[in-house]
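See below for the structure under consideration.
There are 2 protein chains.
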Amino acid sequence: MREVCVIGVAMTRFGRYSEIWMEEFAREACEAAIHDSGVRREDIQVAYCSQSFQGRVAGQRILKDLGLTGIPVINVENACAGGGTSFHATWMAIAGGFYDVGIAIGVEKMTKGLIPPNPEDLEGLLGRTYPGRFAMMAQRHMYEYRTTREQLAKVSVKNHQNGSLNPYAHYRESLSLEAVLNSRMVAEPLTLLQCCPVTDGAAAAVLCSKDIAKKYHDQPIEIVASVVTSGIYQGVRKGDLSSESELSQRAAAKAYEMAGMGPEDIDVAEVHDCFSIAELLHYEELGFCRFGESGKLIEEGTTSLDGRIPINPSGGLLAKGHPMGATGIGQIVEIVWQLRGQAGKRQVKNPKVGLTHCVGGATPGIGQGACSVHILKK
Amino acid sequence: MREVCVIGVAMTRFGRYSEIWMEEFAREACEAAIHDSGVRREDIQVAYCSQSFQGRVAGQRILKDLGLTGIPVINVENACAGGGTSFHATWMAIAGGFYDVGIAIGVEKMTKGLIPPNPEDLEGLLGRTYPGRFAMMAQRHMYEYRTTREQLAKVSVKNHQNGSLNPYAHYRESLSLEAVLNSRMVAEPLTLLQCCPVTDGAAAAVLCSKDIAKKYHDQPIEIVASVVTSGIYQGVRKGDLSSESELSQRAAAKAYEMAGMGPEDIDVAEVHDCFSIAELLHYEELGFCRFGESGKLIEEGTTSLDGRIPINPSGGLLAKGHPMGATGIGQIVEIVWQLRGQAGKRQVKNPKVGLTHCVGGATPGIGQGACSVHILKK
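Residue numbers (this note's numbering), protein chains in the order written: chain R, 7 to 384; chain A, 7 to 384.
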């Protein structure tokens, strides 16, 4: 298996683009990533594009506007973990020796319409929708570990603070703890400002085999772990009402093994904070603290920009936004910028190793359907 | 790159399953393919699932009913070439050394609803829909090469004859030339019985690395070429009004090169006959005859079951049906059965090498968006 690097990244500012075709803003992200990488358009040999709601052959429709046609284009879908999946598939295509240079694309125009209910999802039809599910996890976490409403809300305060420093974030205003706690209740204890918004956007990354990376870019970032996996019936965390925990834990364990690293080696991470409680659960599942101690971690500022392990410096899904198929690649973009020292006002102090994590695709009976974890190294 | 074999295949009978959830009939196909392969469910390490209209994390929703959870599941989409793409991606995962055993799944419930128009497809909105586009190609072929209406209709007669011998085909009645010619006109010169029907169905294939294949199955079928590629602006065949020709030709050329073979080495093929004219065009693009001579090929019976190169012994899209994401895997299933000598009444005489070809995903400005060609060897 060959070693693979990321040599170019870009994203649109995440936001609402209801008047713009997705092909148009996705093309911008691809064009900028190619420019950033130093490769010529014609050097790109393969493309993977993730999306969930953009219709047939979305990748081809984006790439034709770039004149990037006649190459293998594979459209992938894995719900909220789609971006991580597209990046993983591009990594595989190069690591396996099939291609030398490829582009991973993620895009979503969420303002096109709401997520249609899955007629097989009886739990969902009975009201166990995303906010409801995550609210139950929050309730259980509060019960089991004495996690407080304030600790939950602080996740959103931190991420909006980070987002206020990120020109690519959907929301760029910092929020007070009171504003988060007093916003409209969606599902007890999760208030509106603890739920990620409806956001459009696109992101792209150019990957190549390590042996040729320096030819194109003087700061190639190594991919030292790339994992995609799916959920299982068993392994529900004790009293958690969800099997999400097991999935992210297992994906992270595999990634740490692949990289020959542990959570203590991670200097910065982007994790899937679709709701405030989700970020706390992921601190524990990814090994950034012990189970039950995530409330303390946010409380003590350990995951703030100037903390020991800054989490979601981009603003995360809560402030940067969550265009489903684009989110995983957007996380990669942020970590690459952080490792290169290009993250502007939200730059973390000299990080050497970064992690990205996305998870989603609620599937009746197995909890979350897909999870992706990547570890990148300067 | 490791050599890879197909060791198990299965499909549902293609047809209309409007009252059955797609998860249910797709599971049947997976279960039967796993049984056919001789692997234990727990030996399967990775899954790729193709579909275009089945919603988020379709693969996970299918596999959970089999208890096949906790493995990497990647959902792929490439319109009518989706099945070929899912098979190709599974091949890559094993050929690249990432996994030893994987399952490729294709499924579509077309009766769920019609294909929604793409708002960016201005040509489509102006009436250049699939039947119209293929009708123009037919008109041009008739003009350029004196291809006749009867020759076109004979494609459908042959494929329905083959379908009548296939218990897995949607339509199993043979049709007279008159019946095909006299059916309702859809787009001059294509009558209704020269257009593929709306069909539901699923198909699956189990793949493994060649070195362990005999452990599971005594007739492993080798994958000697696996190609996915996309269309381009240029390369429109002279006077053809379509760039589809260039795409299939290029994909086939790449596959022949990979296999170290030529069209003369192919003993049996499944090609993308979404309309009668499509099959004729593909004879030429895949090199089974020279350009302009496809009318003669069908006329002379060269592509009939007992001809020199039987094409679409399964009945093809015209009679077996065309559940989009499943079609490409359904073609693989038929070729594996033919190479194993398990094709019953439609068995071709001792074929050693078979080819599958699917193409689709009309993309404004580039013609067809995706094409996949595979060559399998006994």
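Yeah, the Cβ is synthetic: ideal placement off N, Cα and C, and Gly gets one too.
Owing to the predicted nature of the structure, the values given are computational and were not obtained by experimental measurement.
Spatial neighbours of residue i within its chain, please: CB distance less than 6 Å, with the 5 preceding and 5 following residues excluded, ordered by chain position.
i: valine 192/A; result: Pro137, Leu198 and Cys201
i: glutamine 225/A; result: Arg346
i: alanine 258/R; result: Leu292 and Val379
i: serine 233/A; result: For clarity, residue 233/A is valine in the given sequence; the question names serine instead. These residues qualify, in order along the chain: Ala257, Lys260, Ala261 and Val379.
i: lysine 351/R; result: Leu171
i: lysine 160/A; result: Ile304
i: leucine 286/R; result: Ser300
i: tyrosine 177/R; result: Gly169 and Ala325
In whole angstroms, give me the CA-to-CA distance for residue i and residue j.
i: tryptophan 97/R; j: histidine 41/A; result: 32 Å
i: glutamine 145/R; j: tyrosine 151/R; result: 10 Å
i: tyrosine 105/A; j: lysine 384/R; result: 28 Å
i: phenylalanine 31/A; j: aspartate 312/A; result: 33 Å
i: glutamate 129/R; j: valine 63/A; result: 16 Å
i: valine 163/A; j: leucine 183/A; result: 6 Å
i: isoleucine 381/R; j: arginine 134/R; result: 33 Å
i: phenylalanine 140/A; j: threonine 205/A; result: 20 Å
i: alanine 208/R; j: arginine 19/R; result: 8 Å
i: serine 236/R; j: alanine 101/R; result: 21 Å
i: threonine 308/R; j: glutamine 157/R; result: 13 Å
i: serine 43/R; j: leucine 253/A; result: 29 Å
i: isoleucine 227/R; j: arginine 8/A; result: 28 Å
i: leucine 187/R; j: glutamine 348/R; result: 33 Å
i: glycine 367/R; j: threonine 362/A; result: 32 Å
i: isoleucine 317/A; j: valine 365/A; result: 16 Å
i: aspartate 217/R; j: histidine 94/A; result: 26 Å
i: methionine 17/R; j: alanine 210/R; result: 6 Å
i: glutamine 344/R; j: glycine 61/R; result: 33 Å
i: valine 10/A; j: glycine 298/R; result: 46 Å
i: valine 359/R; j: serine 189/R; result: 36 Å
i: glutamine 337/A; j: histidine 223/A; result: 20 Å
i: glutamine 353/R; j: proline 195/R; result: 32 Å
i: aspartate 271/A; j: cysteine 377/R; result: 44 Å
i: aspartate 273/A; j: glutamate 263/R; result: 47 Å
i: threonine 431/R; j: lysine 302/R; result: Any question about residue 431/R goes unanswered here, given that chain R covers just 7 to 384.
Would DSSP call residue i helix, strand or coil?
i: methionine 143/R; result: helix
i: aspartate 217/A; result: helix
i: valine 365/A; result: strand
i: glutamine 374/A; result: strand
i: histidine 166/R; result: helix
i: isoleucine 338/R; result: helix
i: aspartate 206/R; result: strand
i: glycine 241/A; result: With a pLDDT of only 45 at glycine 241/A, under 50, the local geometry of the prediction cannot be trusted, and no value is derived from it.
i: cysteine 280/R; result: coil
i: glycine 350/A; result: helix
i: lysine 383/A; result: strand
i: threonine 235/A; result: strand
i: alanine 2/R; result: It is not possible to answer for residue 2/R, since the shown part of chain R is limited to 7 through 384.
i: leucine 131/A; result: helix
i: glutamine 153/R; result: Reading the sequence as shown, one finds threonine at residue 153/R and not glutamine. Looking at threonine 153/R - three-state DSSP - the assignment turns out to be coil, as it is neither helix nor strand.
i: glycine 327/A; result: coil
i: alanine 194/A; result: What sits at residue 194/A in the sequence shown is glutamate, not alanine. Glutamate 194/A: coil per DSSP, three-state reduction.
i: alanine 175/A; result: coil
i: glutamate 25/R; result: coil
i: glycine 268/R; result: coil
i: lysine 260/A; result: helix
Which same chain residues end up closer than 7 Å to residue i when comparing Cβ atoms and leaving out the 5 residues on each side of it in sequence?
i: leucine 323/R; result: Cys202, His278, Asp279, Cys280 and Thr333
i: glutamate 29/R; result: Arg67, Ile68 and Asp71
i: glutamate 25/R; result: none
i: glutamate 37/A; result: Leu72
i: alanine 284/R; result: Phe140 and His278
i: proline 173/A; result: Arg19
Residues in the same chain with beta-carbon distance under 8 Å from residue i, minus the five sequence neighbours each way, listed in chain order, please.
i: serine 92/R; result: Tyr54, Cys55, Ser56, Val82, Ala110, Ile111, Gly112, Gly331, Gly334 and Ile335
i: isoleucine 50/A; result: Ile40, Leu74, Ile77, Val107, Gly108, Ile109 and Val212
Please confirm if residue i has its CB atom under 9 Å from at least one CB of chain C.
i: isoleucine 381/A; result: Here chain C cannot be found, since the structure's protein chains are R and A.
| task | Just list the beta strand (DSSP E) runs in the region 283 to 309 of chain A, keeping only unbroken ones of 3 residues or longer that don't cross its boundaries, in chain order. | result | none
| message | Please give the ranges of any beta strand (DSSP E) in the region 50 to 112 of chain R, keeping only runs that are unbroken, at least 3 residues long and fully inside the region. | response | 52 to 56 and 79 to 83
| task | With 8 Å as the C-beta to C-beta threshold (strictly closer), list the residues of the region 301 to 324 of chain R near chain A in chain order. | result | none
| query | Just by C-beta distance, which residues in the region 54 to 72 of chain R are closer than 7 Å to chain A? | reply | Ser58, Gly61, Arg62, Val63, Gln66, Arg67 and Lys70
| Along the region 78 to 98 of chain A, what residues have a CB closer than 7 Å to any CB found in chain R? | Pro78, Val79, Ile80, Asn81, Val82, Glu83, Asn84, Ala85, Thr91, Ala95 and Met98
| request: Please name the residues in the region 350 to 377 of chain A whose beta-carbon is closer than 7 Å to at least one beta-carbon of chain R, in chain order. | output: Gly367, Thr369, Gly371, Ile372, Gly375 and Ala376
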